[in-house]
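In my numbering, the protein residues as written are 172 to 525.
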């Protein structure tokens, strides 16, 4: 627990006055005030996150955390459990959606096995950090012990610290794990105080009957586990996932070094939600890249006080929506740094309001 306490204590409180100072700079650029909308908002937020008024183009990394879920034995997913391991190979071979979109966005991709039910050889690009080969079935008992949840959190933090030590200054958590929308729905229901039916989606493509069965499974899980939202680590251990725990640690470590995190969809935002329950200040360092089709994602964003940048009906995960949003972050930095001021361009500025 000492390492977790160190992670939490390292997160600095943001200087919110920097937002106003950044806006004053933006208002001096050759455009009407506020004309670049969310890009200006992003630039302000980045200044607050970084703790200063100087922005540089980020060196971005995507980390896909992979793990299996025991709850798949309850029939909550359209795809079989072995797809998790198969997709890890796909990531390593560069053929997944996140590989393509990360390449386009200029971000490196790293894959972390934090709990896949498969023994991988030492492979280039794969980080071996397996806590156990998947969680237990939450219908029958807790998904994992508190110690295992903590180990996964610290594994994610270690990966983030390694990337930041290499000079990465913007991190994107991705995910892979058949059954992980069920764990995410359980976490969201607990932390947002909502019924499972309001936060449960179709995942990999369940039909109406499959969705109803998934909701019923979640209702049983929450009744049997009865997690206490005042105990975030306990909730994570009871109904979470290993990759979600690792994402939590990854987000906490980034926040501790003032490194922005672009969240993807339902799964990565679940990890961020746990992080924010452990350390509310951490949420200041999060950007939600897009609005997921998974219905529980909206509740997560509201709980974090965040408005997604994009709305493209995505529900793939892996970090794909966040990789797309990285282009907007780069654009926000570019306009902040490269647009001319009224004075330098010899353009008449906005007249003073009377």
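Beta carbons: idealized from backbone N, C-alpha and C, even for Gly.
Only a predicted model underlies this, so the values are computations on that prediction, with no experimental measurement involved.
{"Query": "Among the candidates 404, 405 and 356, whose CA atom is the shortest distance from the CA of residue 387?", "Result": "356"}
{"Query": "Less than 8 Å between the C-beta atoms of residue 461 and residue 492, yes or no?", "Result": "yes"}
{"Query": "What is the DSSP secondary structure of residue 260, counted as helix, strand or coil?", "Result": "helix"}
{"Query": "Have a look at residue 243 and residue 487 and give me their C-alpha separation to the nearest angstrom.", "Result": "18 Å"}
{"Query": "With respect to the alpha helix (DSSP H) encompassing residue 418, which residues constitute its N-terminal and C-terminal limits?", "Result": "413-427"}
{"Query": "Out of curiosity, what's the CA-to-CA distance linking residue 180 and residue 248?", "Result": "38 Å"}
{"Query": "The alpha helix (DSSP H) with residue 341 in it runs from where to where?", "Result": "From DSSP, residue 341 is part of no alpha helix (DSSP H) but of the beta strand (DSSP E) over 341-347."}
{"Query": "Would residue 504 and residue 245 be called neighbours here (beta carbons separated by less than 8 Å)?", "Result": "no"}
{"Query": "Looking at the unbroken beta strand (DSSP E) that takes in residue 234, where does it start and where does it end?", "Result": "231-238"}
{"Query": "Which one or two residues does DSSP pair with residue 200 in a beta bridge?", "Result": "512"}
{"Query": "DSSP on residue 299, reduced to helix/strand/coil?", "Result": "strand"}
{"Query": "Leaving out the 5 sequence neighbours to the left and right, which residues in its chain are closer than 7 Å to residue 392 when beta-carbon positions are compared?", "Result": "309, 310, 357 and 410"}
{"Query": "For residue 284, name the three-state secondary structure that DSSP assigns.", "Result": "strand"}
{"Query": "Please state whether DSSP places residue 182 in a helix, a strand or coil.", "Result": "coil"}
{"Query": "Assuming residue 326 contacts residue 300 (C-beta within less than 8 Å), just tell me the rounded distance between them.", "Result": "4 Å"}
{"Query": "Using the Cα positions of residue 403 and residue 512, report the straight-line distance between them to the nearest angstrom.", "Result": "47 Å"}
{"Query": "I need the straight-line Cα distance from residue 342 to residue 507, nearest angstrom please.", "Result": "21 Å"}
{"Query": "For residue 489, count the other beta carbons within 10 Å of its own beta carbon; 16 or more makes it buried, fewer makes it exposed. Which is it?", "Result": "buried"}
{"Query": "Please work out which residues of its chain come closer than 7 Å, Cβ to Cβ, to residue 316, disregarding the five sequence neighbours upstream and downstream, and give them in chain order.", "Result": "408"}
{"Query": "Hey, would you say residue 433 sits closer than 8 Å to residue 497, going by beta carbons?", "Result": "yes"}
{"Query": "Once you ignore the five residues that flank residue 383 on each side, which residues in its own chain have a CB closer than 7 Å to its CB?", "Result": "none"}
{"Query": "Just confirm the distance between the C-beta atoms of residue 346 and residue 236, as a whole number of angstroms; I'd bet it's less than 8 Å.", "Result": "6 Å"}
{"Query": "If you check the beta carbons only, do residue 502 and residue 471 fall under 8 Å apart?", "Result": "no"}
{"Query": "Report the partner residues of residue 461 according to the DSSP bridge assignment.", "Result": "481"}
{"Query": "Among the candidates 194, 332 and 467, whose CA atom is the shortest distance from the CA of residue 361?", "Result": "467"}
{"Query": "Does the stretch 273-288 come close enough to the stretch 368-382 that 3 or more CB-CB pairs lie under 8 Å?", "Result": "no"}
{"Query": "Can you grab the Cα-Cα spacing for the pair residue 224 / residue 292, in whole Å?", "Result": "45 Å"}
{"Query": "Using the Cβ count rule (16 or more neighbours within 10 Å means buried), how would you classify residue 264?", "Result": "exposed"}
{"Query": "Taking only three categories from DSSP, how would you classify residue 187?", "Result": "coil"}
{"Query": "Can you tell me whether residue 515 is buried or exposed? The criterion is at least 16 other CB atoms within 10 Å of its CB, across all chains shown.", "Result": "exposed"}
{"Query": "Where does the unbroken alpha helix (DSSP H) through residue 432 begin, and where does it stop?", "Result": "Segment 432-434 is the beta strand (DSSP E) holding residue 432; no alpha helix (DSSP H) there."}
{"Query": "I'd like the ranges of any beta strand (DSSP E) spanning at least 3 consecutive residues and lying wholly in the stretch 328-386.", "Result": "341-347"}
{"Query": "Pull up the distance between the alpha-carbon of residue 287 and that of residue 238, whole angstroms please.", "Result": "4 Å"}
{"Query": "Residues in the same chain with beta-carbon distance under 8 Å from residue 525, minus the five sequence neighbours each way, listed in chain order, please.", "Result": "Only weak support is given to the placement of residue 525: the predicted model assigns it a pLDDT of 42, under 50, and the value that follows is read from those uncertain coordinates. Excluding residues within five positions, none has a Cβ falling inside 8 Å."}
{"Query": "Apart from the five residues just before and just after residue 199, which ones in its own chain have a Cβ nearer than 8 Å to its Cβ?", "Result": "512, 513, 514 and 520"}
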